[in-house]
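Numbering (our numbering), first residue to last: 188 to 455.
Where a beta carbon is used, it is the ideal one built from N, C-alpha and C, also for glycine.
What you are looking at is a predicted structure, and each value in this text was computed from that prediction instead of being measured.
Right, dumping it as structure tokens:
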């Protein structure tokens, strides 16, 4: 059973500083219910895998990457195997200047060190000049940071709700779009068009992205590449590796090695 909590009672109603840090350790299967706040939030995964869900889709945050959530965005947070993350709340006026949608962000070395430095500063009294300089560097880093394709946009058309929910729960579902069309009262062509218009991905690209996110989750949980390929019903490990490389630019093993190396190297 998942543990559930609400952050609404633990976050102050008014920010004292432009940037305020939180250090959070989440046990396995911990769930933070949907909530929003009038400031932006950047969650940096130190260890473990964080899943953030919004109306726009699902965002998977592996170790040493982060996710930006703009002000007034309903979001929920879940971790399957436990996670340690650093959360930076950023005042509304700065968040609006960043002008970024919800997205997973590649955390470069400078941004990582700035995040860790800020989270070690207690929020009390007035911020000193050195702290304010760190905020400016943080802002510049977040403004220019590259997004990584670890999100899964969700089409908003209600006709596809049943299809999307089924695939999110069962990524290997092999029903054809023609079969789904018969169930949903829409042609396969219409379903393809909706996916492309509302997610900027074809249906096949969307399914591949879903499998990549599921693969990362399974690998971080301890499965081997061969086991993941079998779990996701690929004909061979090579077929799975080729798909992963097309999506992520590196092999699954290389990707996992990078994530685990960064996680081990992180200060506690």
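Based on Cα-Cα distance, which residue from 331, 419 and 218 lies nearest to residue 286? Selection 331, 419 and 218 evaluated against residue 286 yields 331 as nearest (Cα-Cα).
Are residue 237 and residue 248 closer than 7 angstroms when you measure CB to CB? Yes, the pair counts as a contact, with Cβ atoms nearer than the cut-off.
Out of curiosity, what's the CA-to-CA distance linking residue 375 and residue 381? Whole-angstrom Cα-Cα distance: 10 angstroms.
Can you tell me which of 275, 288 and 353 puts its alpha carbon nearest to the alpha carbon of residue 474? Coverage of the chain is limited to positions 188 through 455, which leaves residue 474 absent and any answer about it impossible.
Could you check the C-alpha separation between residue 322 and residue 305 for me, to the nearest Å? When rounded, the distance between both Cα atoms is 8 angstroms.
State buried or exposed for residue 251, treating a residue as buried only when at least 16 other CB atoms are found within 10 Å of its CB. When all chains shown are included, residue 251 counts as buried.
How big is the Cα-Cα spacing for residue 209 and residue 262? Distance from the CA of residue 209 to the CA of residue 262, rounded to the nearest whole angstrom, comes to 17 angstroms.
Hey, how far is the Cα of residue 358 from the Cα of residue 245? Computed Cα separation, rounded: 14 angstroms.
Mind pulling the alpha helix (DSSP H) runs of 4 or more residues that sit fully within the region 370-451? Taken in chain order, the complete alpha helix (DSSP H) segments of 4 residues or longer contained in the region 370-451 are 375-386, 390-407, 412-418 and 424-435.
Hey, how far is the Cα of residue 445 from the Cα of residue 370? Approximately 42 angstroms, taken between the alpha carbons.
Alpha-carbon to alpha-carbon, residue 364 and residue 328: Rounded to whole angstroms, residue 328 to residue 364 spans 42 angstroms at the Cα level.
Rounding to the nearest angstrom, what Cα-Cα distance links residue 351 and residue 265 in this structure? Rounded to whole angstroms, the gap between the alpha carbons of residue 351 and residue 265 is 19 angstroms.
Taking all protein chains shown into account, do 16 or more other C-beta atoms lie within 10 angstroms of the C-beta of residue 307, making it buried, or fewer, making it exposed? Around the Cβ of residue 307, a 10 Å sphere holds fewer than 16 other Cβ atoms; the residue is exposed.
So, is residue 299 buried or exposed, given that buried needs 16 or more other C-beta atoms within 10 angstroms? Counting Cβ neighbours within 10 Å, residue 299 comes out buried, since at least 16 surround it.
Nearest-angstrom Cβ-Cβ length linking residue 397 and residue 443, presumed shorter than 8 angstroms: Contact doesn't hold; Cβ gap of about 18 angstroms is too wide.
Determine the extent of the alpha helix (DSSP H) in which residue 230 is found, giving its start and end residues. Here residue 230 belongs to no alpha helix (DSSP H); instead the beta strand (DSSP E) covers 227-235.
Leaving aside the five residues before and after residue 386 along the sequence, list all residues of the same chain whose C-beta is less than 7 angstroms from its C-beta, in chain order. Excluding sequence neighbours, residue 386 sits near 340, 342 and 393.
Assign residue 414 to buried or exposed, taking buried as 16 or more other Cβ atoms, counted over all protein chains shown, within 10 Å of its Cβ. By the 10 Å Cβ count, residue 414 comes out exposed.
Cβ-based burial, residue 280 [other Cβ within 10 Å; buried from 16]: The residue is exposed, with fewer than 16 neighbouring Cβ atoms inside 10 Å.
I'd like to check one pair, residue 289 with residue 256: are the Cβ atoms closer than 7 angstroms? Going by C-beta atoms, residue 256 is nearer than 7 angstroms to residue 289.
Rounded to whole angstroms, what's the CA-CA distance from residue 271 to residue 296? Just pull it up for me. Residue 271 and residue 296: Cα-Cα distance of roughly 18 angstroms.
Which of the three DSSP states, helix, strand or coil, is assigned to residue 286? The answer is coil: DSSP assigns residue 286 none of H, G, I, E or B.
In angstroms with no decimal places, state the Cα-to-Cα distance between residue 428 and residue 388. The alpha-carbon atoms of residue 428 and residue 388 are separated by roughly 21 angstroms.
For the alpha helix (DSSP H) that contains residue 356, what are its first and last residues? Boundaries of the alpha helix (DSSP H) harbouring residue 356: 348-356, taken from the DSSP string.
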